[in-house]
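Counting in full-length UniProt numbering, the sequence shown runs from 1 upward without gaps. We put the beta carbon where it would ideally sit given N, CA and C, even for glycine.
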Amino acid sequence: MLQPHTTKTVAATKPTVAILGAGAIGMLVYKQLSEFTQPILLGRDLIKEHALTFEPFSKEATSETQIIEGMMCDVNTITHTQLASVSLIIVCVKSYQVTHAIRPLIDNLPQQCTLLLLHNGMGPHLDTLTLLAQHQRDDINLYLGTTSQAALKCNKLHVRQTGTGKTMLGHFKGKKLTEKQLALLTQAIPDCHVSEDIRLALWQKLVINCAINPLTAIEQCRNGQLAKPQYQARIDNIIDECIMVANADGVMLSKQVMVENVYQVIALTANNYSSMHQDIAHQRQTEIHQINGYVTSRAKYHHIATPVNDQLVDDVSSL
Ligand code: PAF
């Protein structure tokens, strides 16, 4: 059992874990890991002297802000030497940014380092494999993961946790993480589990995102509104199409479990705005092509019709 550390015990430790991406989830995971180890946060324009502030999840209007002292570094200037002790990099950027974020680091990654991709949607793991091959980095191991934790980046260095939820991770390519590395992840990140079949876990989360994200973006509503009967038929159709495509891809999903999962997340995150709703509200690029778009592209490959998901991709793309 790993023990949460005190500030004293970490002061001289070299980082073995890096978090790539100082967005809401990246900062949240960094904070959670900082209680057990000294991670390094890699982001754009971050400097050593920066400190993160964190508001824990609370149902009350306000909660006490904590200061997280730690290591931060600009992703574009970090050197091979600074990365030398790192054996695990958790990539917490948007799905469409994954390869772009890894590229500046790739030649400086220590031998046998593991990348854990933690994002919504599917697809970037295949682009990552191509990128690793192009750079002759076949020694780099790959884990995939998904999280239903929710957080809001209030400003560059301030993050608020807005929801709790399950995190799943699993092996995809190369060597497996050690027991110690897995223990660190599963103890530091609440409700974090290792899946023996990460493709199944990713598809299960993909279905949740396919149902919630585009509808909340189009309807400009909180997740909880989707519990209303008027959305039931559309949600049902989205789930049916996803299940057909997943099955064709060799991943068997149960309709009953998927419906239960979707409505459970709608209830648990009722007050939240989905990430896609927030992307549209802030006029940022969305993950529609890695969420419903991944389903429609796999559907085309298998010659399966997915009119409801096709329409959602079109609707969100035109917002
Ligand atoms: O993308 C999101 O917002 C989240 O993954 C989820 C689970 C849909 C909750 O808002």
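Residue of LYS31, GLN134 and CYS210 minimising C-alpha distance to ILE106: GLN134
Nearest to ARG44 (by Cα), restricted to the options ALA227, THR77, ASP314 and ASP138: THR77
Simplified DSSP assignment, three categories, for CYS92: coil
As assigned by DSSP and simplified to three states, the class of ASP249: coil
Proximity test, ASN223 beta-carbon vs ligand 1 heavy atom, cut-off 6 Å: yes
Any non-hydrogen atom of ligand 1 closer than 6 Å to THR296 Cβ: no
Secondary structure of VAL313, DSSP reduced to three states: helix
Nearest-angstrom Cα separation, counted from MET71 out to CYS242: 41 Å
DSSP bridge partner residues for GLU55 (one or two, in chain order): ARG160
At least 3 beta-carbon pairs within less than 8 Å: the segment 128-145 vs the segment 156-164: no
The segment 261-275 in contact with the segment 190-200 per 3-pair CB rule at 8 Å: no
Contact test: THR162 Cβ vs ligand 1 heavy atom, cutoff 6 Å: no
Residue range of the unbroken beta strand (DSSP E) whose run includes ILE47: Counting along the chain, ILE47 falls outside any beta strand (DSSP E), and DSSP gives it neither H nor E.
The segment 284-291 / the segment 87-99 touching (three or more Cβ pairs under 8 Å): yes
ASN155, buried or exposed, once every other Cβ within 10 Å from all chains shown has been counted against 16: exposed
Three-way DSSP call (helix, strand, coil) for LEU109 in this model: coil
Bridge partner(s) assigned by DSSP for ILE67: THR53
Separation of ASN120 from MET27, as counted between CA atoms: 16 Å
Residue range of the beta strand (DSSP E) that includes LYS173: 167-173
Three-state secondary structure (DSSP) of ASN141: strand
Where THR9 sits in the DSSP three-state scheme: For THR9, the pLDDT reaches just 48, beneath the cut-off of 50, and the residue's location in the model is therefore unreliable, although a value from the coordinates is still provided. THR9: helix per DSSP, three-state reduction.
Near ligand 1: ASN261 beta-carbon under 6 Å from a heavy atom: no
C-beta atoms of ALA217 and MET122 nearer than 7 Å: no
Supposed close pair PHE54, ILE68 - CB separation, criterion 8 Å: 6 Å
C-alpha gap between THR16 and LYS31, whole angstroms: 15 Å
Residue from THR306, ILE280 and LEU20 whose Cα sits closest to the Cα of ALA101: LEU20
Simplified DSSP assignment, three categories, for GLY43: strand
Run of the beta strand (DSSP E) containing HIS193, from where it starts to where it stops: 192-194
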